[in-house]
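Working notes, structure below.
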Amino acid sequence: MQTIIHHSLEHTFYSRDIPVLKYTIEFPTFLSTCSQTAAQTANAHYASVAKEKEQYCRTVLYPQAAEDARYIEDNIPPFHTYEFNIAYTVPLNYGCITSLYFDQYTFMGGAHGSTVRTSDTWNFSNGRQMQLGEFFQSDPHYADNIQNYIEQRITEHLRTEPGAFFEDYAALIRKTFKEENYYLTTDGLVLYFQEYDIAPYAAGRPQFLLPFGPG
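Numbering (our numbering), first residue to last: 47 to 261.
Have a look at this one:
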């Protein structure tokens with residue numbers, strides 16, 4: 047079993063007393079009864095990613111935000127502060143398996159920001175990230191079958207909510223499907239798509255549950 051310890055990196059950058067960029071980068075570290083060596087592998091990974099994201103904020107987003115703000119005299123109209131936030135959720139932490147996903151939100155002005163989701167499923171008995179195919183070892187065509195299942199689910203959904211997905215959703219499913227875009231819950235395996243992959247922005251990140259079979 048894993049004990050999860052929460053961490054965050056936070057800072058607000060100013061330019062001419064105007065808050066031009068605020069970031070919050072959340073990340074976990076783990077203690078594990080399965081293998082502390084495996085936990086150290088995961089901890090090093092997330093600490094490194096957090097530092098990389100922080101460096102991106104400092105060297106890319108901050109200079110860009112400061113440049114945009116310099117054209118606003120006396121902060122009138124008020125500058126819309128850039129935002130960069132990463133938050134994580136742990137939908138499954140059972141035995142030696144921990145599955146989590148990260149939502150990275152970026153706002154750089156405009157009507158709304160954008161969010162990108164990533165996810166990892168760790169086997170803390172060996173320190174490896176589990177691949178989607180490991181759950182379908184008896185099915186060499188699992189990717190095609192999953193895509194067909196998602197297409198069927200969308201077709202059914204559109205009967206009650208027309209326009210919820212793009213018209214060419216069947217082709218877009220196969221174009222944008224990525225095997226790494228999954229996480230586990232107590233109910234099954236969830237596959238997700240990014241904003242605009244297969245549906246308008248209002249749909250967020252469409253996701254589809256594949257329930258665990260018997261046993």
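For glycine and all other residues, C-beta sits at the position ideal for the given N, C-alpha and C.
| Asked | Found |
| --- | --- |
| Here's the rule: buried if 16 or more other CB atoms are within 10 angstroms of the residue's CB, otherwise exposed. What is Ile122? | exposed |
| Suppose contacts are defined by Cβ-Cβ distances below 8 Å. Is Ala210 in contact with Ala249 by that definition? | yes |
| Among Asn169, Glu100, Leu146, whose alpha-carbon lies nearest the alpha-carbon of Leu230? | Leu146 |
| For Glu225 and Ala189, I'd like the C-alpha separation in whole angstroms. | 8 Å |
| Which of helix, strand or coil does DSSP assign to Ala217? | helix |
| What are the residues that DSSP puts in a beta bridge with Ile51? | Thr75 |
| Going by the CB atoms, is the gap between Thr167 and Met176 shorter than 8 Å? | yes |
| What does DSSP give as the partner residue(s) for Glu129 in the beta ladder? | Lys68, Phe153 |
| Looking at Phe73: is its Cβ nearer than 8 Å to the Cβ of Tyr134? | yes |
| Put Pro186 into one of helix, strand or coil per three-state DSSP. | coil |
| Rounded to the nearest angstrom, what separates Asn234 and Leu255 at their Cα positions? | The sequence shown places Gly at residue 234, not Asn. Taking the straight line from one Cα to the other gives about 6 Å. |
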